[in-house]
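Working notes, structure below.
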Amino acid sequence: MEQKDFAGVGGDILSAARNELYMNLPYLDTALCALALAPGGGVTVSLATDGETLYYDGAWLSERYLRSHVWTCRAYLHVILHCMLRHLAKKRGKAPELWDLACDAAVESILDELDYPCLNAGLIPRKQKFYGECRRDMPVLTAEGIYRRLLRLNPPEYEIAQLQRAFQVDDHGLWDPERQDDQERSSRQDQKWRDLSGKTQTGLETVLSDKGTGGEAVLEQVRVAVRDDVDYRAFLRRFAAPREVAEVDGDAFDYGFYSYGLRLYGNMPLVEPPETREEKRIEDFVIAVDTSMSTSGERVRQFLACTYAILRSAGTFTRKVNIRIIQCDDQVRSDDAIHDLEDLRAYMENFQLTGGSATDFRPVFEHVAKLQEAGAFTSLRGLVYFTDGMGIYPEKRTPYETAFILLGEPPLSVKTPPWAIRLVLEAPDLDRAAEELPEELDLDELPEL
-5 MEQKDFAGVG GDILSAARNE LYMNLPYLDT ALCALALAPG GGVTVSLATD GETLYYDGAW
55 LSERYLRSHV WTCRAYLHVI LHCMLRHLAK KRGKAPELWD LACDAAVESI LDELDYPCLN
115 AGLIPRKQKF YGECRRDMPV LTAEGIYRRL LRLNPPEYEI AQLQRAFQVD DHGLWDPERQ
175 DDQERSSRQD QKWRDLSGKT QTGLETVLSD KGTGGEAVLE QVRVAVRDDV DYRAFLRRFA
235 APREVAEVDG DAFDYGFYSY GLRLYGNMPL VEPPETREEK RIEDFVIAVD TSMSTSGERV
295 RQFLACTYAI LRSAGTFTRK VNIRIIQCDD QVRSDDAIHD LEDLRAYMEN FQLTGGSATD
355 FRPVFEHVAK LQEAGAFTSL RGLVYFTDGM GIYPEKRTPY ETAFILLGEP PLSVKTPPWA
415 IRLVLEAPDL DRAAEELPEE LDLDELPEL
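Counting along the sequence shown from 1, when you hit position 112 you're at 106 in the numbering used here, and nothing is skipped either side.
Written out as structure tokens, the structure is:
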């Protein structure tokens, strides 16, 4: 009877927390109600969710509520944000301990920016120090970015334990991908939270974006959660132009008449296959690289190496091309012309990053306009600009397609021009593109920047 009463009290506590959160964060209305509440689930000293139900222990939750009303509100929203940011579905293939820590840190960074009395637990120096260290590597503290940083640094066990004590709120035991044996159910659940995150993003970007302090912190992470994986190879090929190449076009050839002629005359086909075919190839093209202080030289190196691999693939790179690779911070630092594969390989092998000042995108477009006037391009298809996104953008639309390639979700203050393509790449997107790197080019053999 006592356990039953505690179960009821625990449910009332979570319901009250949900209602208070809704009054302060109305843009999370559907997400806050998306989890059923239930005692048990193997939970004894915390909260836990499997993406459908929020499990709790009534006695433990009652004791925590008496100690801190703020904690229950933060814990409830902590669990909801895990689901909205799809941390459960993304755990597969990750190192469990580091992924759990990264997810907790990412969610707590959002909660610490939400300025509401029901969520204000005060600043914890250990947490603030960790946020500051992470922000040196990423503008938005996502679980994916924090996880990659932890993998790279490989902190000792005692440091991981300290971070876990600072950030851990709920039990992630029900996230175990091995427990999700029903793949269809898991996919359906993940899609549900993706849809809920999309609705939240729409609300924040329209009616509610200027209401409720701290909504920007939620929006930045939700944008990452609902973004699909990017196929950089497919994206780059959109700048290819159709042209005829000297190859047999099997798709435009009727083998029926060919075979009929061989049967009728012995060795005389009635038709011959076309000797040319139309393919899309990249010819005139500009690659601009932001070399300001805020840009990582290692990421530039990786981006150029992957772009090199895609451009030289058999289905994209023509025998003769006209590609300009421009480095710029607040002025054009270098402009290299690439006319064939050997030029491209030589450039990659001897590449050096030059610059290090502030970021101004306009000099690149002014320089390209002068090149066009001088007849340097026959038919310029497009320009891709690799950058962190922070700088001065041109106001006038370009006569060719322009894409700003951003590595990682930038802060909301970064506003790319509405006429330009905005593509956000994560490090894994570049890694996938690098998998098809030609065997004769090894990233490790390229010079350090």
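Idealized CB from N, CA, C, for every residue including glycine.
Run the CB neighbour count on residue i, radius 10 Å, all protein chains shown included, and call it buried at 16 or more, exposed below.
i: Asp323; result: buried
i: Gly383; result: buried
i: His333; result: exposed
i: Asp109; result: exposed
i: Gly197; result: buried
i: Gly52; result: buried
i: Pro150; result: exposed
i: Gly4; result: buried
i: Asp420; result: The sequence shown places Glu at residue 420, not Asp. Per the 10 Å Cβ criterion, buried.
i: Gln183; result: buried
i: Ala89; result: exposed
i: Arg391; result: exposed
i: Pro393; result: exposed
i: Glu343; result: exposed
i: Glu277; result: buried
i: Glu389; result: exposed
i: Glu214; result: buried
Quick check: the Cα distance between residue i and residue j, rounded to an integer number of angstroms?
i: Glu127; j: Leu157; result: 13 Å
i: Gly402; j: Met17; result: 32 Å
i: Thr348; j: Pro133; result: 23 Å
i: Glu178; j: Gln185; result: 11 Å
i: Tyr70; j: Ser9; result: 10 Å
i: Trp54; j: Ser40; result: 7 Å
i: Ala160; j: Leu400; result: 31 Å
i: Gly192; j: Val216; result: 8 Å
i: Leu144; j: Ala137; result: 10 Å
i: Ser56; j: Asp164; result: 15 Å
i: Asp6; j: Thr301; result: 56 Å
i: Ile317; j: Phe380; result: 15 Å
i: Trp93; j: Ser62; result: 27 Å
i: Ala337; j: Gln195; result: The identity of residue 337 in the sequence shown is Asp, whereas the question assumes Ala. Each residue's alpha carbon lies about 45 Å from the other.
i: Leu190; j: Thr24; result: 7 Å
i: Arg257; j: Arg295; result: 58 Å
i: Arg129; j: Leu75; result: 20 Å
i: Ile320; j: Tyr341; result: 12 Å
i: Ala86; j: Asp329; result: The sequence shown places Arg at residue 86, rather than the Ala named in the question. Going from the Cα of Arg86 to the Cα of Asp329 covers about 43 Å.
i: Pro20; j: Arg142; result: 33 Å
i: Asn13; j: Tyr59; result: 15 Å
In three-state DSSP terms, what is residue i?
i: Cys322; result: strand
i: Ser328; result: strand
i: Val280; result: strand
i: Ala414; result: coil
i: Phe297; result: helix
i: Gly385; result: coil
i: Pro446; result: This structure cannot settle anything about residue 446, because the visible part of the chain is limited to -5 through 443.
i: Ile7; result: helix
i: Pro404; result: coil
i: Val212; result: helix
i: Glu138; result: helix
i: Ala69; result: helix
i: Glu178; result: helix
i: Tyr16; result: helix
i: Glu151; result: helix
i: Val101; result: helix
i: Pro33; result: strand
i: Glu448; result: For the chain, the structure presents residues -5 to 443; residue 448 sits outside this window and is missing.
i: Leu305; result: helix
i: Ile74; result: helix
i: Phe345; result: coil
i: Phe359; result: helix
i: Phe398; result: strand
i: Phe380; result: strand
i: Val163; result: coil
i: Leu41; result: strand
i: Leu82; result: coil
Mind checking whether residue i and residue j have CB atoms under 8 Å apart?
i: Val362; j: Val280; result: yes
i: Leu48; j: Leu29; result: yes
i: Val476; j: Cys112; result: Limits of the chain in this structure are -5 at one end and 443 at the other, which puts residue 476 out of reach.
i: Glu395; j: Arg375; result: yes
i: Phe371; j: Leu365; result: yes
i: Ile304; j: Arg227; result: yes
i: Ser286; j: Gly369; result: no
i: Cys67; j: Ala11; result: yes
i: Val326; j: Val358; result: yes
i: Leu135; j: Ser180; result: no
i: Trp169; j: Arg80; result: no
i: Ala83; j: Gly167; result: no
Next item on the list: Mind the definition here: the stretch 118 to 126 touches the stretch 373 to 387 only if three or more C-beta pairs lie below 8 Å; say whether that holds.
Entry: no
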